[in-house]
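Undergrad:
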Amino acid sequence: MALVCVISSYFPIAFADEEKSLEELQNRYEEIEKDIQENQEKLDEVQADIKTNEQKLDELNGQIDSIEEQIGLLDESIEILNGDIDDLQGDIDVTTEDINKINLQIADIEAQMASTETLMEETKELLLARIRENYMSGGNGSTLELLLSSGDISSFFARKELVTRVSERDNELIADLSDKLVELAELQKENEAQKAQLEGKRAELDTQMNSLTDKQDDLESSLDSQKKKKNNVTGKKDEVKYLLEDLDKDSDAYKAAIKRQEKERAELEAEIENAIKSQGSTENDVPDEEFNNDGNMIWPVPGSTRLTATYPSYSDGSPHWGIDIVRTDVTTKGSPFRAAQGGEVILAKNDGNWNSGFGNYCIIDHGDGKHTLYAHAQRLQVSEGDVVQKGQQIGLIGDTGNTTGPHLHFEVRIKKSDGSVSRVNPLNYVSKP
Ligand SMILES: [Zn+2]
0 MALVCVISSY FPIAFADEEK SLEELQNRYE EIEKDIQENQ EKLDEVQADI
50 KTNEQKLDEL NGQIDSIEEQ IGLLDESIEI LNGDIDDLQG DIDVTTEDIN
100 KINLQIADIE AQMASTETLM EETKELLLAR IRENYMSGGN GSTLELLLSS
150 GDISSFFARK ELVTRVSERD NELIADLSDK LVELAELQKE NEAQKAQLEG
200 KRAELDTQMN SLTDKQDDLE SSLDSQKKKK NNVTGKKDEV KYLLEDLDKD
250 SDAYKAAIKR QEKERAELEA EIENAIKSQG STENDVPDEE FNNDGNMIWP
300 VPGSTRLTAT YPSYSDGSPH WGIDIVRTDV TTKGSPFRAA QGGEVILAKN
350 DGNWNSGFGN YCIIDHGDGK HTLYAHAQRL QVSEGDVVQK GQQIGLIGDT
400 GNTTGPHLHF EVRIKKSDGS VSRVNPLNYV SKP
């Protein structure tokens with residue numbers, strides 16, 4: 000199990016006194032990666048995602064603009080085309096009306112021709128009857144036979160024999176009827192020609208109309224497909240927008256978490272530094288005699304040298320200013336830890352609180368500017384002001400504060416002659432037994 004004790008958290012909540020609630024909170028913390036670096040990495044990832052999605056959004060907006068432009072052009076074309084179609088339909092209507100008029104005229108003339116022909120038939124019968132009478136009274140029978148053999152009514156009236164046999168009045172009648180028939184036939188011919196012309200024109204207009212409606216169909220289907228495309232792209236755009244909103248929230252959450260963590264770290268550092276600076280010894284100060292200090296530090300956890308994290312960083316690169324020690328032979332939690340050297344306890348927090356992530360912890364001043372720090376204790380067995388001897392049991396290992404499991408977090412801090420305090424590698428001061 001990886002044991003983490005960086006000063007970070009999503010939930011800077013004060014611990015209750017009971018160990019049970021400590022554990023409950025601990026379990027919650029264990030599920031969350033808490034250190035600043037990880038949050039920073041996540042923040043970087045989220046911000047990279049935001050950038051990518053913003054680019055995607057720009058791209059989609061560009062696509063929508065170009066689709067809308069195409070839709071606008073198609074709408075214009077369709078409007079123009081609809082005007083053309085209306086004009087053409089007007090032409091077709093006028094032509095159809097003209098054709099109907101011509102048809103009426105043709106029907107009228109046909110009726111006139113029919114009545115003229117009827118009149119001519121009657122006249123023919125009348126004339127023949129008269130010639131027949133004349134023949135009976137001793138006239139020329141061959142003329143009658145000749146007239147009776149004439150084909151249609153026009154050729155009957157065109158016969159010279161007829162003209163010589165009828166009266167002047169009859170001849171005028173014949174001439175009138177023939178003229179009218181010719182006139183009507185000519186008029187009919189003209190009407191037919193005009194009708195043919197109009198029908199030709201209408202056929203041409205119908206062809207034009209077909210091509211315009213085909214074009215209209217094409218434009219409408221292009222418009223439909225552009226609209227579908229726009230819906231599709233708009234859907235994608237909405238997705239990216241929602242994603243961006245979520246990412247912004249994530250980003251804000253990570254920023255807030257980092258800010259809290261940094262504040263906690265600063266508070267803790269301020270507390271520790273303040274304690275060492277105000278009360279701790281300085282390099283080259285002679286250690287107090289009652290410390291019985293031999294100048295060498297002893298390994299703080301008897302029975303185990305197992306390290307789960309070392310100075311100055313975790314395996315993932317985030318900072319770690321001490322060493323983490325666990326037991327492998329017995330259960331770590333509740334195992335004793337001891338003073339690395341004789342000295343005076345200058346800071347001891349045994350309240351079970353979060354304490355910016357260190358939980359229960361204490362600092363011992365060994366003189367000569369050397370200080371050791373012990374964190375995450377289940378319980379401390381010393382108080383501020385106590386003088387401890389080298390190897391003296393000072394507490395039980397626990398998992399208070401920010402950890403992913405029970406371990407002793409051990410640090411060595413040196414206060415230099417200029418008053419500054421630095422965190423050094425504990426393995427340069429304590430050797431594994
Ligand atoms: Zn640690």
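One point on numbering: in numbering that gives the first Met the number 0, the residue at position 129 of the sequence shown is 128, and numbering is uninterrupted. All C-beta atoms in this analysis are idealised placements derived from N, C-alpha and C, irrespective of residue type, glycine included.
Are the beta-carbon atoms belonging to P425 and E410 less than 8 Å from one another?
TA: In the sequence shown, counting from the first residue as 1, residue 425 sits at position 426. In the sequence shown, counting from the first residue as 1, residue 410 sits at position 411. A contact, by the Cβ cut-off of 8 Å.
Undergrad: Between the alpha carbons of E261 and A47, how many angstroms are there, rounded?
TA: The residue labelled residue 261 in the question sits at position 262 within the sequence shown. The residue labelled residue 47 in the question sits at position 48 within the sequence shown. Between E261 and A47, the C-alpha separation is close to 23 Å.
Undergrad: DSSP three-state label for G199, please.
TA: In the sequence shown, residue 199 corresponds to position 200, counting from 1. Reduced to three states, the DSSP call for G199 is helix.
Undergrad: Spell out a yes or no on whether the segment 376 to 383 and the segment 233 to 240 are touching, meaning 3 or more CB-CB pairs, one atom from each, closer than 8 Å.
TA: The segment 376 to 383 is not in contact with the segment 233 to 240.
Undergrad: Looking at the structure shown, is Q391 part of a helix, part of a strand, or coil, going by DSSP?
TA: For the purposes of this step, residue 391 is identified with residue 392 of the sequence shown, where counting begins at 1. Coil at Q391, not helix or strand.
Undergrad: By DSSP, does V420 sit in helix, in strand, or in coil?
TA: Sequence index remark: in the sequence shown, residue 420 carries index 421 (1-based). V420: strand per DSSP, three-state reduction.
Undergrad: Would you mind working out which of R412, D323, R164 and D367 sits nearest H406, comparing C-alpha positions?
TA: Working through the sequence shown from its first residue, we reach residue 406 at position 407. The option with the nearest alpha carbon to H406 is D323.
Undergrad: Using only the alpha-carbon positions, how far apart do G404 and K332 sit?
TA: The sequence position of residue 404 within the sequence shown is 405, counting from 1. The sequence position of residue 332 within the sequence shown is 333, counting from 1. Those two C-alpha atoms are separated by around 9 Å.
Undergrad: Grab the span of the beta strand (DSSP E) containing A157 for me, first residue to last.
TA: Within the sequence shown, residue 157 is the residue found at index 158, counting from 1. No beta strand (DSSP E) holds A157; the alpha helix (DSSP H) holding it covers I152 to A157.
Undergrad: Taking a contact to mean a Cβ-Cβ separation below 8 Å, would you say P286 touches H370 in this structure?
TA: Taking the sequence shown and counting its residues from 1, the one referred to as residue 286 is at position 287. Taking the sequence shown and counting its residues from 1, the one referred to as residue 370 is at position 371. In this structure, H370 does not lie closer than 8 Å to P286 by Cβ.
Undergrad: Does N26 come out as helix, strand or coil in the three-state DSSP assignment?
TA: Stepping through the sequence shown from its first residue, residue 26 is reached at position 27. In this predicted model, N26 has a pLDDT of only 41, less than 50, meaning its place in the structure is not dependable; the value taken from the coordinates is given anyway. N26 falls in the helix class under three-state DSSP.
Undergrad: Taking a contact to mean a Cβ-Cβ separation below 8 Å, would you say G400 touches G341 in this structure?
TA: Numbered from 1 along the sequence shown, position 401 holds the residue referred to as residue 400. Numbered from 1 along the sequence shown, position 342 holds the residue referred to as residue 341. Not closer than 8 Å, so no.
Undergrad: State the Cα-Cα distance for the pair V386 and V429, rounded to the nearest angstrom.
TA: As a first step, residue 386 must be located in the sequence shown, where it is residue number 387. As a first step, residue 429 must be located in the sequence shown, where it is residue number 430. Going from the Cα of V386 to the Cα of V429 covers about 20 Å.
Undergrad: DSSP beta-bridge partners for L407?
TA: Numbered from 1 along the sequence shown, position 408 holds the residue referred to as residue 407. Answer is I324.
Undergrad: Cβ of L176 within 8 Å of Cβ of T95?
TA: As a first step, residue 176 must be located in the sequence shown, where it is residue number 177. As a first step, residue 95 must be located in the sequence shown, where it is residue number 96. Cβ atoms of L176 and T95: not closer than 8 Å.
Undergrad: Quick check on E343: does DSSP put it in helix, strand or coil?
TA: Locating residue 343 in the sequence shown gives position 344, where the first residue counts as 1. The answer is strand: DSSP assigns E343 an E or B state.
Undergrad: When the Cα of Q392 is compared with those of L267, K188, S334 and L59, which residue comes out closest?
TA: Numbered from 1 along the sequence shown, position 393 holds the residue referred to as residue 392. Of the candidates L267, K188, S334 and L59, the one whose C-alpha sits nearest the C-alpha of Q392 is S334.
Undergrad: For Q434, which residues from the same chain have a beta carbon less than 8 Å from its beta carbon, with the 5 sequence-adjacent residues on both sides left out?
TA: Any property of residue 434 remains undetermined from this structure, which presents the chain solely from 0 to 432.
Undergrad: Do the segment 103 to 114 and the segment 140 to 147 make contact, defined as three or more Cβ pairs closer than 8 Å?
TA: The segment 103 to 114, when compared against the segment 140 to 147, does not touch it at the 8 Å Cβ threshold.
Undergrad: In the segment 183 to 269, which residue ranges form an unbroken beta strand (DSSP E) of at least 3 residues, counting only runs that do not cross its ends?
TA: Fully enclosed beta strand (DSSP E) runs of 3 or longer: not present.
Undergrad: In the DSSP output, which residue or residues are listed as bridge partners for K414?
TA: In the sequence shown, residue 414 corresponds to position 415, counting from 1. V420, per the DSSP bridge assignment.
Undergrad: In the DSSP assignment, what are the bridge partners of S312?
TA: Taking the first residue of the sequence shown as position 1, residue 312 is located at position 313. In the DSSP output, where bridge partners are listed per residue, S312 has P318.
Undergrad: Is G358 close to ligand 1? I mean its beta-carbon at under 7 Å from any heavy atom of the ligand.
TA: Residue 358 sits at position 359 when you count from the first residue of the sequence shown. Checking the Cβ of G358 against ligand 1 gives no.
Undergrad: Which residue wins for smallest C-alpha separation from S221, given the options E67, S314 and G351?
TA: Along the sequence shown, one-based indexing puts residue 221 at 222. Taking only the C-alpha atoms, the option nearest S221 is E67.
Undergrad: In angstroms with no decimal places, state the Cα-to-Cα distance between N52 and L267.
TA: Start at 1 with the first residue of the sequence shown, and residue 52 comes out as number 53. Start at 1 with the first residue of the sequence shown, and residue 267 comes out as number 268. Straight-line Cα distance between these residues: approximately 39 Å.
Undergrad: Taking 8 Å as the cut-off, does the segment 311 to 327 touch the segment 337 to 351 (at least 3 CB pairs, one atom from each stretch)?
TA: No, because fewer than three Cβ pairs between the segment 337 to 351 and the segment 311 to 327 fall closer than 8 Å, the two stretches do not touch.
Undergrad: How about C361 and A339: do their beta carbons lie closer than 8 Å?
TA: By one-based count along the sequence shown, residue 361 stands at place 362. By one-based count along the sequence shown, residue 339 stands at place 340. No, they are not a contact pair.
Undergrad: Who are the near neighbours of V3 in its chain, counting only those whose CB is closer than 6 Å to its CB and skipping five residues on each side?
TA: The sequence position of residue 3 within the sequence shown is 4, counting from 1. Reliability fails at V3, whose pLDDT of 43 lies under 50, so the model's placement of it is uncertain and no value is given.
Undergrad: Within 10 Å of its beta-carbon, does N291 have 16 or more other beta-carbons around it, so buried, or fewer, so exposed?
TA: The sequence position of residue 291 within the sequence shown is 292, counting from 1. Burial call: exposed.
Undergrad: Let me check you understand the geometry: is the CB of D398 closer than 7 Å to at least one non-hydrogen atom of ligand 1?
TA: Counting from one through the sequence shown, the residue named residue 398 turns up at place 399. No - ligand 1 has no heavy atom lying nearer than 7 Å to the Cβ of D398.
Undergrad: Within 10 Å of its beta-carbon, does Y241 have 16 or more other beta-carbons around it, so buried, or fewer, so exposed?
TA: By one-based count along the sequence shown, residue 241 stands at place 242. The residue in question, Y241, is exposed, as its Cβ has fewer than 16 Cβ neighbours within 10 Å.
Undergrad: At a threshold of 7 Å, does A339 count as lining ligand 1 (C-beta to nearest heavy atom)?
TA: Locating residue 339 in the sequence shown gives position 340, counting from the first residue. Result no, Cβ not under 7 Å from ligand 1.
Undergrad: G368 to N38, Cα distance in whole Å?
TA: In the sequence shown, residue 368 corresponds to position 369, counting from 1. In the sequence shown, residue 38 corresponds to position 39, counting from 1. Going by the C-alpha atoms only, they are around 35 Å apart.
Undergrad: Tell me whether D82 sits in a helix, a strand or coil according to DSSP, three-state version.
TA: Taking the sequence shown and counting its residues from 1, one reaches residue 82 at position 83. This sequence places Gly at residue 82; Asp is not what is there. Helix at G82.
Undergrad: Per DSSP, which residues does D284 bridge with? Please list them.
TA: Here residue 284 is taken as the residue at index 285 of the sequence shown, counted from 1. Note: D284 sits in no beta bridge, so no partner.
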